[in-house]
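Peer 1: Starting off with a structure, shown below.
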Amino acid sequence: AKQKTVTDPFAKEKETKGKSNSVDVAKSQLNTIGILSIPKIKEVLPIYDNTSSIALDNGIGLLEHTSDLTGGKGKHAVLTGHSGLSLNKLFTDLPKVKKG
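Numbering (the numbering used here), first residue to last: 65 to 164.
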């Protein structure tokens, strides 16, 4: 009998055998506009210009209709992100960060 190869569906990397993975293609189209570094929880996350599922699965998104990241008086940028994902920590450890 011919043996079949069993792959782990939860593995971070899957074999593509020369074909582009649709997730990799989607990731390559994300527009990184900054980096969020939180040393206390050892996180360095890309900030994307949108809050699509693919963006939030891989980093932090800038909420539409809020200010840009340049800052300044009267500007309020809102960053969004997930916590508790199985493949990426993202904001999971954020409660460990204290004010000050």
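By construction, the Cβ of each residue, glycine as well, lies at the ideal position given by its N, Cα and C atoms.
The beta strand (DSSP E) that contains L100, what's its start and end?
Peer 2: As a working mapping, residue 100 is identified with position 36 in the sequence shown. Counting along the chain, the beta strand (DSSP E) containing L100 begins and ends at T96 to I102.
Peer 1: Measuring alpha carbon to alpha carbon, tell me which residue in E107, N122, V108 and K104 is nearest Q93.
Peer 2: In the sequence shown, the residue the question calls residue 93 occupies position 29. Q93 has its Cα closest to that of N122, out of E107, N122, V108 and K104.
Peer 1: Between S117, A141, V142 and I124, which has its C-alpha nearest V108's C-alpha?
Peer 2: Here residue 108 refers to the residue found at position 44 when the sequence shown is read from its first residue. Measuring from the Cα of V108, the nearest candidate turns out to be I124.
Peer 1: Measuring alpha carbon to alpha carbon, tell me which residue in L100, T130, D157 and I102 is nearest S147.
Peer 2: Here residue 147 refers to the residue found at position 83 when the sequence shown is read from its first residue. The candidate whose alpha carbon is nearest that of S147 is D157.
Peer 1: Cα separation between K126 and S150?
Peer 2: Position 62 of the sequence shown, counted from the first residue, corresponds to residue 126. Position 86 of the sequence shown, counted from the first residue, corresponds to residue 150. Correcting the residue type first, residue 126 is Leu in the shown sequence and not Lys. Each residue's Cα considered, the two are about 22 Å apart.
Peer 1: Just verifying my parser: in three-state terms, what is the DSSP assignment at L14?
Peer 2: This structure does not reach residue 14, given that the chain is present from 65 up to 164, and the question cannot be answered.
Peer 1: In terms of alpha-carbon separation, which member of K91, I111, S116 and D88 lies closest to I99?
Peer 2: In the sequence shown, the residue the question calls residue 99 occupies position 35. If we check each option's Cα against that of I99, I111 comes out closest.
Peer 1: I105 lies in the alpha helix (DSSP H); which residues open and close that run?
Peer 2: Mapped onto the sequence shown, residue 105 falls at position 41. Careful: I105 lies outside any alpha helix (DSSP H) and carries neither H nor E.
Peer 1: Using three-state DSSP, classify L151 as helix, strand or coil.
Peer 2: For the purposes of this step, residue 151 is identified with residue 87 of the sequence shown, where counting begins at 1. L151 falls in the coil class under three-state DSSP.
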